[in-house]
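Reading through the C-alpha cells given below for one structure.
Protein chains: 2
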Amino acid sequence: MTQINHSELHSFIANVFLKKGMSKEHAQISADVLTFADLRGIDSHGVARLSGYLRLIEAGRINVNPQFKFEHRKKTQIRMDADGSIGLVSAHLAMQECVKTTHDYGTAFAGIYNSNHFGVAAHHAIQGFQHNYIGFAMTNASPLVVPANGIERMLGTNPICVAIPGKNGRSFILDMATSTAANGKLEIAQRNGKNIPEGWAIDSLGEPSTDSNILSKKGALLPLGSDQEHGFHKGYGLSAWVDIFSAVLTGASWGPWAPPFVSFLQPKLDAPGKGLGHFVGCWDLDGFNDLEESQNQLEDWIQRFKGSLASKNKEVLVPGEPESRMMDERLKTGIPINPEVWKDLLNISEALNVKL
Amino acid sequence: MTQINHSELHSFIANVFLKKGMSKEHAQISADVLTFADLRGIDSHGVARLSGYLRLIEAGRINVNPQFKFEHRKKTQIRMDADGSIGLVSAHLAMQECVKTTHDYGTAFAGIYNSNHFGVAAHHAIQGFQHNYIGFAMTNASPLVVPANGIERMLGTNPICVAIPGKNGRSFILDMATSTAANGKLEIAQRNGKNIPEGWAIDSLGEPSTDSNILSKKGALLPLGSDQEHGFHKGYGLSAWVDIFSAVLTGASWGPWAPPFVSFLQPKLDAPGKGLGHFVGCWDLDGFNDLEESQNQLEDWIQRFKGSLASKNKEVLVPGEPESRMMDERLKTGIPINPEVWKDLLNISEALNVKL
Numbered sequence: 021m022t023q024i025n026h027s028e029l030h031s032f033i034a035n036v037f038l039k040k041g042m043s044k045e046h047a048q049i050s051a052d053v054l055t056f057a058d059l060r061g062i063d064s065h066g067v068a069r070l071s072g073y074l075r076l077i078e079a080g081r082i083n084v085n086p087q088f089k090f091e092h093r094k095k096t097q098i099r100m101d102a103d104g105s106i107g108l109v110s111a112h113l114a115m116q117e118c119v120k121t122t123h124d125y126g127t128a129f130a131g132i133y134n135s136n137h138f139g140v141a142a143h144h145a146i147q148g149f150q151h152n153y154i155g156f157a158m159t160n161a162s163p164l165v166v167p168a169n170g171i172e173r174m175l176g177t178n179p180i181c182v183a184i185p186g187k188n189g190r191s192f193i194l195d196m197a198t199s200t201a202a203n204g205k206l207e208i209a210q211r212n213g214k215n216i217p218e219g220w221a222i223d224s225l226g227e228p229s230t231d232s233n234i235l236s237k238k239g240a241l242l243p244l245g246s247d248q249e250h251g252f253h254k255g256y257g258l259s260a261w262v263d264i265f266s267a268v269l270t271g272a273s274w275g276p277w278a279p280p281f282v283s284f285l286q287p288k289l290d291a292p293g294k295g296l297g298h299f300v301g302c303w304d305l306d307g308f309n310d311l312e313e314s315q316n317q318l319e320d321w322i323q324r325f326k327g328s329l330a331s332k333n334k335e336v337l338v339p340g341e342p343e344s345r346m347m348d349e350r351l352k353t354g355i356p357i358n359p360e361v362w363k364d365l366l367n368i369s370e371a372l373n374v375k376l
Numbered sequence: 021m022t023q024i025n026h027s028e029l030h031s032f033i034a035n036v037f038l039k040k041g042m043s044k045e046h047a048q049i050s051a052d053v054l055t056f057a058d059l060r061g062i063d064s065h066g067v068a069r070l071s072g073y074l075r076l077i078e079a080g081r082i083n084v085n086p087q088f089k090f091e092h093r094k095k096t097q098i099r100m101d102a103d104g105s106i107g108l109v110s111a112h113l114a115m116q117e118c119v120k121t122t123h124d125y126g127t128a129f130a131g132i133y134n135s136n137h138f139g140v141a142a143h144h145a146i147q148g149f150q151h152n153y154i155g156f157a158m159t160n161a162s163p164l165v166v167p168a169n170g171i172e173r174m175l176g177t178n179p180i181c182v183a184i185p186g187k188n189g190r191s192f193i194l195d196m197a198t199s200t201a202a203n204g205k206l207e208i209a210q211r212n213g214k215n216i217p218e219g220w221a222i223d224s225l226g227e228p229s230t231d232s233n234i235l236s237k238k239g240a241l242l243p244l245g246s247d248q249e250h251g252f253h254k255g256y257g258l259s260a261w262v263d264i265f266s267a268v269l270t271g272a273s274w275g276p277w278a279p280p281f282v283s284f285l286q287p288k289l290d291a292p293g294k295g296l297g298h299f300v301g302c303w304d305l306d307g308f309n310d311l312e313e314s315q316n317q318l319e320d321w322i323q324r325f326k327g328s329l330a331s332k333n334k335e336v337l338v339p340g341e342p343e344s345r346m347m348d349e350r351l352k353t354g355i356p357i358n359p360e361v362w363k364d365l366l367n368i369s370e371a372l373n374v375k376l
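Those protein sequence lines, which keep their order, are chains E and G.
FYI, in the working numbering the residues of the first sequence are 21 to 376.
FYI, in the working numbering the residues of the second sequence are 21 to 376.
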C-alpha cells in the first residue's frame with residue numbers, strides 16, 4: 021500500500037480534472053468530494069473512481085463545461101438541469117442552492133437530472149452544517165439490484181444519506197446503500213478468492229448464490245433484508261423511493277435505464293429521461309426546536325446509545341462514527357492507496373503530465 | 021372470524037371515543053385512521069388496538085381534550101405540542117397544517133411531541149393526495165429493538181412512510197417498520213405455537229433466538245438486516261434517524277424512554293422529553309417537474325416494475341400494492357375480526373353501551 025497525504029491527493033485530483041478541461045471551481049469541488057470519501061474510508065467512492073470518471077469524459081458522457089439551469093418551481097423546490105455534468109459538482113451546487121434557500125424558508129430541496137455519478141452522498145449532505153442545517157441526499161445508480169421477488173436488475177444500490185450536525189463536531193451521518201451489500205464488497209471477496217455470504221446476491225435464475233463473480237454471470241444484488249422472511253420488500257421499497265425521487269420525478273433515466281458508470285457499456289437509447297438523477301435538500305435544525313436544546317438532546321442521545329449494553333467484544337456506534345474515526349486517523353497518517361489503484365494513478369499522471 | 025362492514029366498524033369506533041369524552045371531530049379522525057388500517061390489512065394497527073387506547077385514556081395517559089399548540093418556527097417548519105393527545109389525531113392535524121403550508125411554499129414539515137401512538141403511518145402521509153402532495157410520516161415507539169451490536173432495547177420498530185400520489189388512483193405507498201420483523205409477526209407465531217426464523221430476535225444475552233415468546237423473556241427485536249453480514253447497521257441507522265427526527269429534535273421522549281403502548285407499564289420518570297414524537301410533512305409533486313409528466317413517468321415506472329421478470333411463482337409488486345388490493349376486497353366483503361379482538365369489542369360495547 022502506498023500512503024499519500026490528503027492534500028497532495030487533493031491537488032493531484034484537481035489538477036487532473038483541470039487538464040481535462042474543467043473550470044478551477046469544478047475541479048476543486050470534484051477533488052473535495054473524492055478526497056473526502058478516501059479520508060472517511062469509503063475507498064470505493066474516492067480516487068479509485070478517478071480513471072472511471074476520466075473515461076466517461078473521454079467518451080463524451082461527462083460534460084466538463086456544463087451550463088447548469090436552475091428552475092425554482094416552488095419557493096422551496098428547485099429543479100436543476102445538470103447539462104451532463106459530473107455529479108460531484110452538480111449535486112454540490114444544487115445543495116448550495118438549497119442552503120441559500122433554507123436561509124429564507126427553513127427547508128429546501130432540489131431534484132437534479134441529466135447528471136452523472138455524484139460520489140459519496142455524505143459530502144453533499146453536510147454542506148449546510150456551518151448553518152446547522154440537516155442535510156439529505158440520494159441518487160439513483162446503474163441497475164444491479166432486483167426488486168423483492170424479482171430476478172431482473174431494476175435498481176441501483178441507491179443510497180440514502182441523512183446528516184445531522186451535533187455539538188463539538190460530533191454528528192449523526194447515516195449514508196447507506198439500500199442493497200444488502202454494496203458492489204465493492206463483492207470486489208473485495210473476488211480479490212481474495214473468497215465466496216460471499218448467502219443473502220447478498222442471486223444468480224440469473226433467482227437462486228441464492230455465494231459466487232463473488234456472480235455479477236459477471238448475469239446475477240444480481242439483493243435489496244436490504246435479503247429475502248422475504250427478513251424483509252427484503254423493505255430494502256426494495258427504500259431503493260424504489262430513491263429511484264423515484266432522484267430520477268422518475270426529476271426527468272432523469274430511472275430503474276433499468278439508469279446509465280452505467282463504466283464507459284464500455286452504453287446508456288440505452290430508449291431511456292425515459294436524461295442521465296442520472298439526484299435529490300438533495302436541507303432542514304434547519306433550529307426549525308425543529310430551540311437549536312441549543314436540540315443539540316444538547318442529540319449529544320445526550322449519542323452518549324446514551326454509545327453507552328448502551330453491547331454483545332460480547334462489540335461496541336455500539338453512532339451512524340457515521342466509524343467513518344469519522346477513520347478520517348481523524350487518515351488526516352494524520354495519510355490515505356493508503358491499493359496497488360492497482362496506485363498503478364492507475366501513475367498512468368494518469370504520466371498520460372496527462374500531472375505531478376503525483 | 022366475524023366479518024364487519026367498514027362503515028359499521030367506523031361508527032362503532034367513533035361512538036366509543038365520543039363516549040370517552042373526545043370531540044366529534046377527534047372521534048371521527050381516530051375512527052378514520054383505525055378503519056383505514058383494517059381496510060388495508062394492517063390488522064395490528066386497526067381496531068385491535070382500540071382497547072389499548074381506551075386503557076391509556078383510563079390511565080390518564082391519553083388526554084381526550086387536548087389543546088394543541090402550533091409553533092411556526094420557520095416558514096416551512098412547524099412544531100406541535102400535542103398536549104397528550106392520541107397520536108391518531110395529533111399527527112393528522114399536524115399533517116393538515118403541513119398541507120396548508122405547502123400551498124404557499126411547496127414543502128412543509130411538522131415535528132410533534134407530547135403525543136401518543138399515531139396508528140398507521142400511511143393514513144397521515146396520504147392527507148395531501150388530493151393536492152398531489154407527496155406525504156412523509158415517521159414516529160418513534162416503545163423500545164423493543166437493539167442497535168447494531170447492542171443487546172439493550174433502545175429503539176422502537178420506528179416506521180418510515182413515503183406516499184406518492186399517481187394517476188388513476190395508483191400510488192406508491194412505502195410504509196415500513198425499520199426492524200426486520202414487526203412485533204405482530206411474533207404474536208402470530210405465538211398463537212400458532214411456532215418458532216420464528218433466525219434473524220428476527222435475540223435473547224437477553226444477544227444470542228440468536230427462534231423462540232416466538234422471546235420478548236417476554238427480556239429478548240429484543242433486530243433491526244432490518246438482522247446481522248452484521250447482512251447490513252443490520254443500516255436498519256439501525258434508519259431507526260435511529262426516525263427516533264431523532266420524531267423525538268430527539270421535537271422534545272419528545274426518545275430511545276429507551278419512549279413511553280410504552282401498554283397501560284400496565286409506566287413511562288419512566290427520568291424521561292428526557294414529553295410523550296411520543298412524530299415527524300410528518302409534504303413535498304408538492306408539481307415542485308419536482310411538470311405534474312402531468314411526473315405522473316406519467318410514475319405510471320410507466322409502476323408498469324415497468326410490475327412487468328419485470330419474477331422468481332418462479334412470484335410477482336413483483338409496487339410498495340403499497342398488497343394493501344391497496346386488500347382494501348378493494350375489504351370494501352366489498354367487509355373486515356374480518358379475529359375472535360379475541362371480537363370478544364374485546366363486545367366487552368367495550370357492553371361496558372360503554374355503544375351499539376356494535
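Note that beta-carbon positions come from the ideal geometry of N, C-alpha and C, so glycine has one too.
Per DSSP, which one or two residues make a beta bridge with residue i?
i	result
G:Val-67	BP columns for G:Val-67 are empty, so no partner.
E:Phe-156	E:Val-182, E:Gly-301
G:Ala-130	G:Ile-98, G:Val-300
E:Val-165	E:Leu-175, E:Leu-241
E:Ser-135	E:Leu-296
E:Ser-199	E:Pro-243
E:Lys-89	E:Asp-101
E:Ile-24	E:Ile-355
E:Ala-330	G:Gly-170
E:Phe-192	E:Ile-184
For a quick check, are the C-beta atoms of residue i and residue j less than 7 Å apart?
i	j	result
G:Lys-238	G:Ser-229	no
E:Ser-135	E:Ser-110	yes
G:Ala-130	G:Val-300	yes
G:Met-196	G:Ser-266	no
E:Tyr-125	E:Thr-96	yes
G:Ile-62	G:Arg-190	no
E:Leu-194	G:Gly-271	no
G:Val-182	G:Phe-156	yes
E:Asn-178	E:Asn-160	yes
G:Gln-147	G:Met-115	yes
G:Leu-372	G:Val-119	no
Can a CB atom of chain G be found closer than 7 Å to the CB of residue i?
i	result
E:Asn-212	no
E:Gln-323	no
E:Ala-11	Chain E is shown only over 21 to 376; residue 11 of chain E falls outside these bounds and no answer can be derived.
E:Lys-352	no
E:Lys-254	yes
E:Val-300	no
E:Pro-14	The question about residue 14 of chain E has no answer here: the residues shown for chain E are numbered 21 through 376.
E:Val-165	no
Going by beta carbon distance, what residues of the same chain come within less than 6 Å of residue i, once the five residues before and after it are set aside?
i	result
E:His-143	Val-53, Phe-56
E:Trp-303	Thr-127, Ile-154
G:Trp-274	Asp-263, Ala-267, Val-268
G:Thr-198	Asn-178, Leu-244, Gly-255, Leu-258, Ser-259
Measure from the C-beta of residue i to each C-beta in chain E and report whether the shortest distance is under 7 Å.
i	result
G:Arg-93	yes
G:Ser-27	no
G:His-250	yes
G:Glu-172	yes
G:Ser-273	no
G:Val-262	no
Please work out which residues of its chain come closer than 8 Å, Cβ to Cβ, to residue i, disregarding the five sequence neighbours upstream and downstream, and give them in chain order.
i	result
G:Phe-377	As shown, chain G starts at 21 and ends at 376. That puts residue 377 of chain G outside it, with no answer to give.
G:Thr-22	Pro-356, Ile-357, Pro-359, Trp-362
G:Glu-349	none
G:Leu-318	Ile-184, Gly-186, Lys-187, Phe-192
E:Ala-209	Asn-215, Ile-216, Ser-232
G:His-30	Ala-51, Asp-52, Thr-55
Among residues of its own chain, excluding the 5 on either side of residue i, which ones have a beta-carbon nearer than 7 Å to its beta-carbon?
i	result
E:Leu-351	His-26, Leu-59
E:Val-84	Lys-40, Gly-41, Met-42, Ile-77
- Fully enclosed by the segment 210-280 of chain G, which alpha helix (DSSP H) runs are 4 residues long or longer? 252-263
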